[in-house]
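With the numbering used here as the guide, the letters of the sequence shown map in order to residues 74 to 240.
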Amino acid sequence: MYLRTKNKIRGWKRRIRHIEQWKQRNIVLDMNTLAAFRRDYAKLWIPLFYSLVRRTPPIWYNRLLLDAMIEVYNSWHETLTKTGEPFYLKIWLFEPEFINSQVVAAYRDELDFYDNAFESVAEIIPFPFPKLEQFNWLPHFDPNHYREEDSEGIAKKERYVWIGSML
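This is how it looks when you write it as structure tokens:
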């Protein structure tokens, strides 16, 4: 089956409304889910970009998505702070597949659940998204994605995950 991914995207106003709808669905942290499973996440389930054939949104659209993710993060941070318990709350930004990004929260028994989800990066890599000084961003490798082997036969990782939390 042949699927085209280069078709012109129409209806940008509707695509922008999808961001607002995603934000409204996720702005309030579901404390019942968090109490039952001790962790929760809000993944960017935006139609057209997150489907069988993944498309990369334009940069200006990614910025709108990131703004919505920060609003969700801030709301969740406020809710989790009120519990008075230690918690894990991070934004995971995938590069170059930004549409896989998500806001992740965990607490109580699952506080350390996400600590080993990604491999740390030893070298210094510049942060690709401007104007996010209120967060501390650390680069990690996504262990599920590899580049083809280099000349020495070693598989090099190519996809980064930027894990950010408030300073």
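Beta carbons: idealized from backbone N, C-alpha and C, even for Gly. Since the model is a prediction, treat every value here as computed from it, not as a measurement.
Residues that DSSP places opposite Pro212 in a beta bridge: To locate residue 212, count along the sequence shown from 1; it is residue 139. According to DSSP, Pro212 bridges with Trp235.
Minimum C-alpha distance to Lys86 - residue among Leu137, Ile100, Asp113 and Gln97: The residue given as residue 86 occupies position 13 in the sequence shown. Residue Leu137 is the option with its Cα nearest to Lys86.
Three CB pairs or more closer than 8 Å across the region 169 to 189 and the region 102 to 113: yes
Start-to-end residues for the beta strand (DSSP E) that takes in Tyr161: Along the sequence shown, one-based indexing puts residue 161 at 88. Residues Phe160 to Glu168.
Residues near Pro201 by beta carbon distance below 7 Å, same chain, minus five either side: Looking up residue 201 in the sequence shown gives position 128. For Pro201, where only same-chain residues beyond five positions count, the Cβ hits under 7 Å are Glu168.
Buried versus exposed call for Gly247 [16 or more other C-beta atoms within 10 Å across all chains shown]: The shown model of the chain, from 74 to 240, leaves out residue 247, and the question about it has no answer.
Extent of the continuous beta strand (DSSP E) to which Arg112 belongs: To locate residue 112, count along the sequence shown from 1; it is residue 39. It spans Arg112 to Lys116 - the beta strand (DSSP E) in which Arg112 sits, taken as one unbroken run.
CB-CB length for Tyr233 against Pro212, believed under 8 Å: For the purposes of this step, residue 233 is identified with residue 160 of the sequence shown, where counting begins at 1. For the purposes of this step, residue 212 is identified with residue 139 of the sequence shown, where counting begins at 1. Their Cβ separation, rounded to whole angstroms, is 5 Å, which keeps Tyr233 and Pro212 in contact under 8 Å.
Stretch pair the region 147 to 164 + the region 192 to 201: three plus CB contacts closer than 8 Å: no
C-beta atoms of Ile92 and Ser148 nearer than 7 Å: Taking the sequence shown and counting its residues from 1, the one referred to as residue 92 is at position 19. Taking the sequence shown and counting its residues from 1, the one referred to as residue 148 is at position 75. Contact flag unset, no.
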